[in-house]
Each structure stands twice: as C-alpha cells, then as structure tokens.
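Novice: In our numbering, the protein residues as written are 4 to 339.
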Amino acid sequence: MDITIRDISKLAGVSTATVSRVLADSEKVKPDTRNKVLKIIKEYGYEPNQIARNLTSSRTNTIGLVVETTSNPFFMEIAQAVEEKLTEAGYLMLTMNTNWEMSREEASIRALRRNRVDGVILTPISLESESVRLLEKWSLPFVLLNIDAQREDISSIGTNDYQGGILAGQSLLKSGATSIVCLQGFPHQSTFNRLKGLSHTVRSSAEGKCRDIKIIENIRTYEEGYKIGEKLINYHLPPDGPLGVFATNDDVALGVLASLYDHGVGVPFQVSVVGYDDIPMSDRFKIPLTTIAQPTQELGKLAARSIMDQISGVNSSPRSYQLIPKIVQRASTVSF
4 MDITIRDISK
14 LAGVSTATVS
24 RVLADSEKVK
34 PDTRNKVLKI
44 IKEYGYEPNQ
54 IARNLTSSRT
64 NTIGLVVETT
74 SNPFFMEIAQ
84 AVEEKLTEAG
94 YLMLTMNTNW
104 EMSREEASIR
114 ALRRNRVDGV
124 ILTPISLESE
134 SVRLLEKWSL
144 PFVLLNIDAQ
154 REDISSIGTN
164 DYQGGILAGQ
174 SLLKSGATSI
184 VCLQGFPHQS
194 TFNRLKGLSH
204 TVRSSAEGKC
214 RDIKIIENIR
224 TYEEGYKIGE
234 KLINYHLPPD
244 GPLGVFATND
254 DVALGVLASL
264 YDHGVGVPFQ
274 VSVVGYDDIP
284 MSDRFKIPLT
294 TIAQPTQELG
304 KLAARSIMDQ
314 ISGVNSSPRS
324 YQLIPKIVQR
334 ASTVSF
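If you want it as structure tokens, here you go:
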C-alpha cells in the first residue's frame, strides 16, 4: 500500500500542513524538521500525486518547446540540450513541431496553454507571428529561440547569423570562388542575415575575384540539395576558379555534396561548398563539409535557464543573447 502525506506526518510527528510545506520546498520549515520529513519520504519511497498537485497549484512543472521542424538535426540538438537542463530542474518538456506552418505554430501555442504549461520556448517562424502576440496577451512566460527579438521587453537567444555569413563568404573567397550560388532555406530572419553577411563580405573584398552572387530560395532538405547539385553539374563552371556554394543549413549542403560526388565533380577545386550548423554528419560525410558551427548546447541551455528564471521570478527581466558562430574548415573548401 502506498504511503500518504497523513502517514508521513504521523511518522514524523508533524502536521500534514508541514509535510506539504516540505514538498513545496517552503522556507517556513525548520531545517531539522525538513530533514526529518525528507528522510521518511526517501525511506518509504513516497511519490506525490502530480495530477492532484497540479489541480491545486498554479504550476505544472511543464515547459513547451515549439520548433519549426524535427527533421533538421540542428533543432533536435537544441531540443536535447533544453530537455537535459529542464530535467535537471525537475521539469517535463512537451515538444511541438510546426513544420514551418504559421497555422500549426499558433495551434501548438494554444494547445500548450490548454495543457497549462508554465512557460514556452518558441523558435518562431516570424517575429510578427500570431503566436508571439498570443503569448504576450496571455502573459505566459516565453523565450524566443534562434532569432533576435530586437525588442527590450522580450527574451531571445540566437546566434549572430550576420557574422556567420561573413565567415562563409571569407571561406569561399579564400577557395578562389569567382561565382557564388546561395541556397536559402525557409525565408527567415536567420537565413536573411546569413546571406547579408556573405554578400557584404564578397562585394567589399578587395582580394576576391567573385563577380556574381545568385540566390535560390526555399531549398530546405537533403533531397532538394541533391537536385540542386545535379543542376550545378550542367552549370557553366567558371574557367578561372571554382564555383562557390553556400547553403544556409547543412542538410542542403550535404545533399549538394552527395550529388557532386556521385557525378564525379571535383570538390573543392571545381565546386567549393560551405554549410551552416555543423550537424553531426557534416564531418563524417564522403567529403567532410566546411560549415559554420552554432553553439547548440549553449543555445539550448541558455533558453532553458531563461524560461526557468522567468517562471521563478529570479532574474526575470527580459534579456537577449547573440552567441558567436565559428567556422569549421574541412575538405569541401580549399584550405590555405
């Protein structure tokens, strides 16, 4: 038979109210009494009825994580880091996938609210999305991830994507690229900033020979990258240097590399490729991928810490972080 709060109170010689205060981690309990109650709880393996507690408490110890896709390893690495940090603190995490659809994003936010989550970590499709407006309207604690909120009243955590684009441009210029094709994923603040950084670097370079930058939009997956690679094979490759390819995520870049490899195109001397995210597969591919690494562990843990601080009221003022990316040089570009 399971032990109850009443049983614990009798064994400890205290009131049931005192046992409840210990379970709630209240400061209104003397240390000796707290230790005595906790010892009995541990000895008898007492597990509180979380459902019953949720009915009488404003908290559920549950956080919602809403991501644009679960098929991209980048988002899954972040999700793992968030969950690890939340679990350490005794929270459960509910993960929702929007598949880059505004309607699904809003539906996910509404579903999480119905389930009475304590807070939400959202990788928004857009800063102007209805989801952000609803979270503000409901006064539900939230953190925006993989984006710069550009507002002092909203907490956001992301990477300096403009700097990441600069690093990608520098790598392709060092490879001698005379023409660059940019494969942009979903139209998003992060991908726009990556392309801005690359374009600025290429166009302002005094050393580079690059004459042309072409942007192809909505290329998001490995399969789409592979098809683009096949088209590049028929592209008129520059005679005086390699064609440069910058993909705003590694999935696409790896698809391009696979296609070039399968068709015998020389990498990096005919085509140089740079990806973004440094997913696990990028260094184990047929041609190891040069990529812009994002600090996924730090992004996830910062997001978890930020939402827990808001919920607890500790350091709850909105804060924004822009972490610094770095380039990981591998065989898909020329190394000097």
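The beta-carbon is built from N, C-alpha and C at its ideal position, and this holds for glycine as well. Because the structure is a prediction, the values reported are computed rather than measured.
(1) By how many angstroms is the C-alpha of Lys140 removed from the C-alpha of Val331?
(2) On the DSSP bridge assignment, give the partners of Ile218 in chain order.
(3) Taking the CB atoms as reference points, tell me whether Leu170 and Ile295 lie closer together than 8 Å.
(4) Can you give me the start and stop residues for the beta strand (DSSP E) that Gly278 sits inside?
(5) Could you tell me the distance, in whole angstroms, from the CA atom of Thr90 to the CA atom of Gln300?
(6) In whole angstroms, what separates the C-alpha of Ser202 from that of Tyr94?
(7) When you compare the CB positions of Lys39 and Ala20, do they come within less than 8 Å of one another, or not?
(8) CB Leu68 to CB Met96, shorter than 8 Å?
(9) How would you call Phe145, buried or exposed, if buried means at least 16 neighbouring beta carbons within 10 angstroms?
(10) What is the DSSP secondary structure of Ile128, reduced to helix, strand or coil?
(11) May I have the straight-line CA-CA distance separating Pro124 from Val25, to the nearest angstrom?
(12) Would you kindly report the start and end of the unbroken alpha helix (DSSP H) that includes Asn196?
(13) Tell me whether Gly244 sits in a helix, a strand or coil according to DSSP, three-state version.
(14) Do you know how far the Cα of Phe77 is from the Cα of Ile6?
(15) Might you give, ordered along the chain, the residues of its own chain that have their beta carbon closer than 7 Å to the beta carbon of Trp103, omitting 5 neighbours on each side?
(16) Give a yes or no on whether the C-beta atoms belonging to Ser335 and Pro271 are separated by under 8 Å.
(17) So Pro245 packs on Val268, CB below 8 Å; how close in whole Å?
(18) If you follow the beta strand (DSSP E) that Met96 is in, where does it begin and where does it stop?
(19) Identify, in the order they occur along the chain, each residue of the same chain with its Cβ nearer than 8 Å to the Cβ of Thr224, setting aside the five sequence neighbours on each side.
(20) Nearest CA to the CA of Thr65: which residue from Thr181, Arg116, Asp243, Glu30?
(21) Could you give the residue range of the beta strand (DSSP E) that holds Tyr324?
(22) Can you tell which of Ile219, Glu220, Thr204, Ser111 has its C-alpha closest to the C-alpha of Cys358?
(23) Name the residue from Thr63, Ala261, Ser193, Gly168 whose alpha carbon lies nearest to the alpha carbon of Ile160.
(24) Could you tell me the boundaries of the alpha helix (DSSP H) in which Lys329 lies?
(25) Which residues in the same chain as Asn252 place their Cβ atom closer than 6 Å to its Cβ, once the five residues preceding and following it in sequence are excluded?
(26) Excluding five sequence neighbours on each side, which residues of the same chain lie with their C-beta closer than 7 Å to the C-beta of Ser111?
(27) Kindly give me the distance between the Cβ atoms of Gly247 and Ala180, rounded to whole angstroms, as I take these residues to be in contact under 8 Å.
(28) Any chance the region 282–290 sits against the region 305–324, with 3 or more Cβ pairs inside 8 Å?
Specialist: Looking at the atomic coordinates:
(1) 42 Å
(2) Cys185
(3) yes
(4) 274–280
(5) 15 Å
(6) 43 Å
(7) no
(8) yes
(9) buried
(10) coil
(11) Residue identity differs from the one stated: residue 124 is Ile in this sequence, not Pro. Their backbone Cα atoms lie some 30 Å apart in a straight line.
(12) 192–207
(13) coil
(14) 44 Å
(15) Glu71, Thr72, Ile128, Phe189
(16) yes
(17) The Cβ separation is near 10 Å, so there is no contact.
(18) 95–100
(19) Ser74, Asp254, Val255, Gly258
(20) Arg116
(21) 323–326
(22) Summary: the structure shown does not reach residue 358, with the chain confined to residues 4 through 339, and so no result is reported for it.
(23) Ser193
(24) Per DSSP, Lys329 belongs to no alpha helix (DSSP H); it is in the beta strand (DSSP E), 329–331.
(25) Gly188, Tyr279, Asp280
(26) Val69, Met99, Thr101
(27) 3 Å
(28) no
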